[in-house]
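Colleague:
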Amino acid sequence: MSDELYRPGLEGVIAGESSVSTVQGGLTYRGYPIEELAERSTYEEVAYLILYGELPKADELKAFRQRLASQAAVPGAVIEMLRHVPNSAPLMDVMRSGASYLAHWDPDLDDTSPAARLRKAERMLARLPTVLAAKHRLRQGKEPVAPDKHRSLPANLLWMISRQEPSERLVRALDVSLILYAEHEFNASTFTARVICSTMSDIYSAVTGAIGALKGPLHGGANERAMEVLSEVGSVDNAEKWVRQALAEKRRIMGFGHRVYKQGDPRAAIVKPLCAELAQEVGEMAMETIAETIERVVLEEKGLRPNVDWPCARLYYYLGLPIDLYTPLFVVARVAGWSAHFLEQAASNRLIRPLSRYTGPDRRAFVPLEERH
Ligand code: COA
Numbered sequence: 003m004s005d006e007l008y009r010p011g012l013e014g015v016i017a018g019e020s021s022v023s024t025v026q027g028g029l030t031y032r033g034y035p036i037e038e039l040a041e042r043s044t045y046e047e048v049a050y051l052i053l054y055g056e057l058p059k060a061d062e063l064k065a066f067r068q069r070l071a072s073q074a075a076v077p078g079a080v081i082e083m084l085r086h087v088p089n090s091a092p093l094m095d096v097m098r099s100g101a102s103y104l105a106h107w108d109p110d111l112d113d114t115s116p117a118a119r120l121r122k123a124e125r126m127l128a129r130l131p132t133v134l135a136a137k138h139r140l141r142q143g144k145e146p147v148a149p150d151k152h153r154s155l156p157a158n159l160l161w162m163i164s165r166q167e168p169s170e171r172l173v174r175a176l177d178v179s180l181i182l183y184a185e186h187e188f189n190a191s192t193f194t195a196r197v198i199c200s201t202m203s204d205i206y207s208a209v210t211g212a213i214g215a216l217k218g219p220l221h222g223g224a225n226e227r228a229m230e231v232l233s234e235v236g237s238v239d240n241a242e243k244w245v246r247q248a249l250a251e252k253r254r255i256m257g258f259g260h261r262v263y264k265q266g267d268p269r270a271a272i273v274k275p276l277c278a279e280l281a282q283e284v285g286e287m288a289m290e291t292i293a294e295t296i297e298r299v300v301l302e303e304k305g306l307r308p309n310v311d312w313p314c315a316r317l318y319y320y321l322g323l324p325i326d327l328y329t330p331l332f333v334v335a336r337v338a339g340w341s342a343h344f345l346e347q348a349a350s351n352r353l354i355r356p357l358s359r360y361t362g363p364d365r366r367a368f369v370p371l372e373e374r375h
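Numbers 3 to 375, taken from our numbering, label the letters of the sequence shown in order.
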């Protein structure tokens with residue numbers, strides 16, 4: 003066995019094949035550059051593209067949207083479960099439990115055909131936003147808002163969260179962020195989903211595991227931590243000093259750096275101008291200046307550029323969303339990618355079971371209990 007094959011964190015290792023997306027030559031989903039998808043399509047179109055491999059025709063999109071809208075209501079028992087979850091529970095934990103719990107009411111649970119797996123993926127896509135909005139309202143002592151069949155997925159999500167009519171600009175901002183969060187080849191949570199699939203387990207288990215992986219601050223959890231950085235810095239005057247000190251203390255600035263994108267995350271470049279527009283609309287231009295200063299100093303000191311979580315955190319802040327909804331929104335979007343990877347893995351499965359390089363003691367003789375001192 004060759005040690006040369008060992009790479010900590012599997013860095014640079016090709017761990018499987020995928021036709022869903024690639025980061026080579028810029029990020030593309032099924033061949034389409036994300037810049038064009040973000041500018042010219044919607045999250046629902048992109049979710050369809052990711053799941054089915056092609057952009058939907060008008061009638062296919064209509065039918066897809068209808069299927070999502072008609073399945074957005076969750077079983078009453080799921081709402082009851084959410085009532086019993088402590089209000090202090092982190093919303094990412096609620097999403098993880100929600101994904102797992104939804105499985106019990108899925109009529110296709112045991113059907114492993116590709117068509118049934120797509121139906122299950124669509125149900126999760128439709129229902130996880132409802133789980134998020136419902137628990138957010140319940141913990142505020144408010145009743146959940148029923149999903150509205152006539153709204154798009156992002157418009158409905160904002161509606162179910164606040165019961166207020168969101169402006170078109172806010173809906174579009176959320177829509178773009180969901181497009182950019184929808185898929186990203188072999189990231190940690192997607193790889194988790196594929197490992198679970200490779201044991202011939204089910205899609206709900208894969209998504210539940212993936213949510214657990216996404217929660218961590220080195221992955222999806224970074225968007226919430228990025229907002230905490232901005233709050234901690236507090237003012238433009240404090241920004242430069244704060245960053246230099248944090249870096250001197252070897253702290254990681256959340257929202258910066260990336261395992262693959264060393265010259266900048268293309269998704270961050272798309273969200274940044276949206277942040278500037280929204281900041282203007284909601285009177286938060288100082289926050290943009292703080293972010294700008296932090297970006298400059300982190301680049302000067304460490305040569306690191308922002309990843310998608312850095313501007314998305316501000317975008318969600320300007321949308322008026324509480325910080326602990328940020329990573330759950332990532333879940334809402336990424337279910338599309340996780341599901342597509344599940345289907346792809348299942349279609350040509352091989353158990354994912356690598357080796358470890360052993361670093362423990364040499365082989366030794368067993369010592370009976372009475373002789374151990
Ligand atoms: N803040 C400060 N320093 C950082 C950093 C950050 N956000 N990200 C990386 N670095 C530093 C490391 O400390 C290391 O410095 P050193 O060489 O002086 O020890 C160097 O940059 C290389 O980092 P490394 O951890 O090897 O890179 P990686 O490929 O493993 O890291 C991340 C990728 C994403 C885990 C890392 O950049 C990070 O922790 N970022 C913050 C969390 C985040 O935003 N995650 C969302 C990703 S989309």
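All C-beta atoms, glycine included, are put in the ideal place defined by N, C-alpha and C.
Report the CB separation of L376 from R336 in whole angstroms; it is logged as a contact under 8 Å.
Modeller: Beyond the ends of the chain as shown, which are 3 and 375, falls residue 376; an answer cannot be given.
Colleague: For S23, write down the residues that DSSP places opposite it in a beta bridge.
Modeller: The residue labelled residue 23 in the question sits at position 21 within the sequence shown. Bridge partners of S23: Y31.
Colleague: Look at the Cβ atom of F258, then the Cβ atom of P308, and state whether they are nearer than 9 Å.
Modeller: Within the sequence shown, residue 258 is the residue found at index 256, counting from 1. Within the sequence shown, residue 308 is the residue found at index 306, counting from 1. F258 places its beta carbon less than 9 Å from that of P308.
Colleague: Taking 9 Å as the threshold (C-beta atoms), are M162 and T132 in contact?
Modeller: Along the sequence shown, read from residue 1 onward, the residue named residue 132 stands at position 130. Along the sequence shown, read from residue 1 onward, the residue named residue 162 stands at position 160. Taking 9 Å as the Cβ cut-off, T132 and M162 qualify as a contacting pair.
Colleague: So, under 8 Å CB-CB, A123 and I205 are touching, yes? Tell me the CB distance rounded to an integer number of Å.
Modeller: Your numbering for residue 123 matches position 121 in the sequence shown. Your numbering for residue 205 matches position 203 in the sequence shown. Contact holds; Cβ gap of about 7 Å.
Colleague: How would you call R196, buried or exposed, if buried means at least 16 neighbouring beta carbons within 10 angstroms?
Modeller: In the sequence shown, counting from the first residue as 1, residue 196 sits at position 194. R196 should be labelled buried.
Colleague: To the nearest angstrom, how far is the alpha carbon of V147 from that of C277?
Modeller: The residue given as residue 147 occupies position 145 in the sequence shown. The residue given as residue 277 occupies position 275 in the sequence shown. Cα-Cα distance, rounded: 28 Å.
Colleague: Who are the Cβ neighbours of R121 in its own chain at under 6 Å, not counting the five residues just before and after it?
Modeller: What you label residue 121 is simply residue 119 of the sequence shown in a count that begins at 1. D110.
Colleague: Pull up the CB-CB distance for Y320 and L280, whole angstroms please, since I reckon it's below 8 Å.
Modeller: Indexing the sequence shown from 1 puts residue 320 at position 318. Indexing the sequence shown from 1 puts residue 280 at position 278. Y320 to L280, Cβ: 4 Å. Contact.
Colleague: Only counting the same chain, and skipping five residues up and downstream in sequence, which positions put a Cβ closer than 6 Å to that of E226?
Modeller: As a position in the sequence shown, residue 226 is number 224, starting the count at 1. Contacts found: I325, Y328, T329.
Colleague: Can you list, in chain order, the residues of its chain with a C-beta nearer than 8 Å to that of V25? Leave out the 5 residues immediately preceding and following it.
Modeller: Residue mapping note: residue 25 aligns to position 23 of the sequence shown, counting from 1. The residues are H186, E187, V262, Y263.
Colleague: For V25, is the beta carbon positioned less than 8 Å from some heavy atom of ligand 1?
Modeller: As a first step, residue 25 must be located in the sequence shown, where it is residue number 23. V25: no, Cβ never under 8 Å from ligand 1.
Colleague: Quick one: grab the DSSP three-state call for F188.
Modeller: Counted from its first residue, the sequence shown places residue 188 at position 186. DSSP places F188 in coil when its eight states are reduced to three.
Colleague: Taking the alpha helix (DSSP H) that F332 belongs to, which residues open and close that run?
Modeller: Residue 332 sits at position 330 when you count from the first residue of the sequence shown. Here the alpha helix (DSSP H) through F332 covers 328-349.
Colleague: Sort A128, S20, E251, E47 by Cα distance to L70 and report the nearest one.
Modeller: Working through the sequence shown from its first residue, we reach residue 70 at position 68. Ranked by how close their Cα comes to the Cα of L70, the residues A128, S20, E251, E47 have A128 in first place.
Colleague: Thinking C-alpha only, which one of T44, T361, G362 is nearest S154?
Modeller: As a working mapping, residue 154 is identified with position 152 in the sequence shown. Measuring from the Cα of S154, the nearest candidate turns out to be T44.
Colleague: For a minimum of 4 consecutive residues, which ranges assigned as the alpha helix (DSSP H) are wholly contained in the segment 160-212?
Modeller: Counting only runs of 4 or more, we get 170-183, 190-200.
Colleague: Over what stretch of residues does the alpha helix (DSSP H) that includes H86 continue unbroken?
Modeller: Here residue 86 refers to the residue found at position 84 when the sequence shown is read from its first residue. Its alpha helix (DSSP H) spans residues 78-86.
Colleague: Quick check on the burial criterion: 16 or more other C-beta atoms within 10 angstroms. Buried or exposed for E46?
Modeller: As a position in the sequence shown, residue 46 is number 44, starting the count at 1. The residue in question, E46, is buried, as its Cβ has 16 or more Cβ neighbours within 10 Å.
Colleague: Could you tell me whether the segment 290-300 touches the segment 222-242, using the rule of 3 or more Cβ pairs below 8 Å?
Modeller: yes
Colleague: Taking 9 Å as the threshold (C-beta atoms), are I213 and A105 in contact?
Modeller: Here residue 105 corresponds to residue number 103 of the sequence shown, with the count starting at 1. Here residue 213 corresponds to residue number 211 of the sequence shown, with the count starting at 1. Not a contact, by the Cβ cut-off of 9 Å.
Colleague: Touching or not, the segment 50-59 and the segment 69-86, by the rule of three or more beta carbon pairs under 8 Å?
Modeller: no
Colleague: Going along the chain, which residues of its own chain have a beta-carbon closer than 8 Å to the beta-carbon of S23, five neighbours each way excluded?
Modeller: The sequence position of residue 23 within the sequence shown is 21, counting from 1. If we look at S23 and ignore the five residues flanking it on each side, its Cβ neighbours are L29, T30, Y31, R32, I52, E185, H186, E187, G339.
Colleague: Whole angstroms is fine: what's the gap from I36's alpha carbon to V231's?
Modeller: Taking the sequence shown and counting its residues from 1, one reaches residue 36 at position 34. Taking the sequence shown and counting its residues from 1, one reaches residue 231 at position 229. Between I36 and V231, the C-alpha separation is close to 27 Å.
Colleague: Taking DSSP's pairing of strands, which residues face F258 in a bridge?
Modeller: Start at 1 with the first residue of the sequence shown, and residue 258 comes out as number 256. Its beta-bridge partners are P308.
Colleague: State the DSSP-derived secondary structure class of Q142, mapped to helix, strand or coil.
Modeller: Here the question's residue 142 lines up with position 140 in the sequence shown. Coil.
Colleague: Please report the straight-line C-alpha distance between R2 and A190, rounded to a whole angstrom.
Modeller: Nothing about residue 2 can be reported from this structure: the residues present for the chain run from 3 to 375 only.
Colleague: For a test of the three-state rule: what should DSSP assign to H152, helix, strand or coil?
Modeller: The residue you call residue 152 lines up with position 150 of the sequence shown. DSSP places H152 in coil when its eight states are reduced to three.
Colleague: Between which residues of its own chain and V273 is the CB-CB distance below 8 Å, once the five residues before and five after are set aside?
Modeller: As a working mapping, residue 273 is identified with position 271 in the sequence shown. Cβ neighbours of V273 beyond the five flanking positions: V178, S179, L182, V310, P313, C314, L317.
Colleague: Output needed for P268: all residues of its chain with C-beta closer than 8 Å, excluding positions within five of it in sequence on either side, in chain order.
Modeller: Taking the sequence shown and counting its residues from 1, the one referred to as residue 268 is at position 266. Excluding residues within five positions, the ones whose Cβ falls inside 8 Å are G28, L29, I36, E37.
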